[in-house]
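In the working numbering, the protein residues as written are 31 to 255.
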């Protein structure tokens, strides 16, 4: 049997590294009996080898649970433990690994793929925005460990220190944890921008730090009828 499907470039990469990219759109994680668990977005697992256990993570207690009930965000997580390799991907998106070194990162929950369970996390409110803004709650990760984020297409890294930067909430991937974005409302009757009225809102960033933007606003919402 012959096919380019069987080329070496498509075969599993052999490595004992805990985190690695199988390709630009697939993440490979190695686990053993002594490894910390991995917390991943539910539905992100596409394959695994060996013995793996997947369990619902939930939102945690206290305010994280209240925010989950209010928004549905931060709750679709699973814990992964075992011995072998597990592969993650999300809707053919590009995957990027970020190594936290006792620092912090804020990200859009839609862009989360997986992270080390050694990292502390919480769902945070941006405040001052309605549900239409689409960016009311995001996730703060802090500590030491690896984080895998996704971008729907090649991302853009913007420096927010020189001038105010405005980003569609659906297009924001992640940003410096020290930045506290506010909501800018560009609503003008009869002259809405973007796909719909929700995009009259932007996240406004200004200060020392960065924001990563994907060239997409995500999959459009489809309603019945």
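Each residue gets a CB set at the ideal place from its N, CA and C atoms; glycine is no exception.
* Could you check if residue 294 is buried or exposed, using at least 16 other CB atoms within 10 Å of its CB as the buried criterion? => The question about residue 294 has no answer here: the residues shown for the chain are numbered 31 through 255.
* Per-residue burial, residue 146 [other beta carbons within 10 Å of its own, 16 or more giving buried] -> buried
* At least 3 beta-carbon pairs within less than 8 Å: the region 106-113 vs the region 179-198 -> no
* Asked: For the 8 Å Cβ check, are there 3 or more pairs between the region 188-197 and the region 138-153?
  -> no
* Inter-stretch contact at 8 Å, needing at least 3 Cβ pairs: the region 196-210 / the region 76-88 -> no
* If we count the other Cβ atoms within 10 Å of its Cβ and call it buried at 16 or more, is residue 70 buried or exposed? -> buried
* Opening and closing residue of the beta strand (DSSP E) in which residue 106 lies -> Residue 106 -> no beta strand (DSSP E), and no H or E assigned at all.
* Span separating the alpha-carbon of residue 175 from that of residue 36 -> 34 Å
* Same chain, Cβ closer than 6 Å to residue 208, five either side skipped, listed in chain order -> 239
* Asked: What is the C-beta distance between residue 169 and residue 137, in whole angstroms, given that I count them as a contact (C-beta under 8 Å)?
  -> 6 Å
* Asked: Can you check whether the CB of residue 190 is closer than 8 Å to the CB of residue 231?
  -> no
* Same chain only: Cβ atoms within 6 Å of residue 242, ignoring 5 sequence neighbours per side -> 185, 187, 203, 204
* Asked: residue 35 by DSSP, collapsed to three states: which one?
  -> helix
* **Beta-bridge partners of residue 81, as assigned by DSSP** => 113
* To do: Can you grab the Cα-Cα spacing for the pair residue 66 / residue 212, in whole Å?
  => 35 Å
* Please report how far the alpha carbon of residue 171 lies from the alpha carbon of residue 210, in whole angstroms. => 14 Å
* For residue 38, which option in 53, 46, 154, 130 has the closest C-alpha, if you only look at C-alpha atoms? -> 53
* Asked: Distance, Cα to Cα, residue 34 vs residue 122?
  -> 20 Å
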